[in-house]
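Chemist: Dropping a structure here in structure tokens format, bear with me for questions.
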Amino acid sequence: EFASLGADGFGFSDTRQAARRFFKNDTHSIVTKTLQLLAARGEVDPSAPSYAIDRYKLLDVTAGTTGGSGGDS
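Each residue of the sequence shown is one higher than the last, beginning at 3 in this note's numbering.
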């Protein structure tokens, strides 16, 4: 299986955490995408991705916590 996790947002300006959440390449979004792929293959409960979306507040870009430290990029 292949799932694209790209970040194509030239000119996007926000915190790293919010940007990673917005582009869905933060830790919780990657876990949720993995659950979606596994659910599609019948390897986990089909409700697992929805549970993760709610638990990690993936629809709220301000809830992101990944990538708050490090050098400027």
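Backbone N, C-alpha and C fix where the C-beta goes; we use that ideal spot for every residue, glycine too.
1. Does Ile55 get closer than 9 Å to chain C when you measure Cβ to Cβ?
2. Terminal residues of the continuous alpha helix (DSSP H) containing Asp56?
3. Rounding to the nearest angstrom, what Cα-Cα distance links Phe24 and Val63 in this structure?
4. Below 9 Å between beta carbons: does that hold for Leu39 and Ala65?
5. Which two residues bound the contiguous alpha helix (DSSP H) that contains Ala42?
Modeler: Reading it off the structure:
1. The structure shown has no chain C; it contains just one protein chain.
2. 50-57 is the span of the alpha helix (DSSP H), which, as asked, contains Asp56.
3. C-alpha separation (whole angstroms): 6 Å.
4. Their beta carbons are not under 9 Å apart, which means Leu39 does not touch Ala65 by this criterion.
5. Segment 29-42, the alpha helix (DSSP H) holding Ala42.
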